[in-house]
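Quick notes on the structure that follows.
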Amino acid sequence: MKPTKKLKLIFFTLFTLFTGSMAFSQAVGQPEPTRDLEMQVGREVARWEDELSLRAKQAALMERKYIEFALKREEVLKTDIPQETKIKQLVALKLQETRDMRDILTGPQYERYLELLEAEADE
């Protein structure tokens, strides 16, 4: 990836994290995901099911992973730390989430997943 594309991907990721955090706001401080969070994640996973032809087990694993990271993002967002530190932590979480998808998706699915993320970042 070119440096410009990496920057676009980072900015898109940050934009997604901050706008998506509004949908996940009810999950703050709760050990279990809320119904709203589960519905939001369900819609996101359904999108990936269509795009990547996921098997049922893959979709279930992806859903659990998205919920896990959504709760972690909320934890970061509610901390009283400098904004720059929050951004770094959120970017690190998104990168880890993306890497974790390698364990769920097949090689071709993972490549397509990265292509779609990059295409979204370019929009």
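If you use mature numbering (1 follows the signal peptide of the UniProt record, and there is no 0), the sequence shown corresponds to residues -23 to -1, 1 to 100, in order. The C-beta atom is built at its ideal place from N, Cα and C for all residues, glycine as well.
- Judged by DSSP in its simplified three-state form, P85 adopts helix.
- Excluding five sequence positions before and after M78, the CB atoms of its chain that fall closer than 8 Å to its own CB belong to M39, K42, Y87 and Y90, given in chain order.
- Contact between the stretch 16 to 32 and the stretch 60 to 69 is absent: fewer than 3 CB-CB pairs across the two stretches fall below 8 Å.
- In the three-state reduction of the DSSP assignment, L31 falls in the coil class.
- In the three-state reduction of the DSSP assignment, T62 falls in the helix class.
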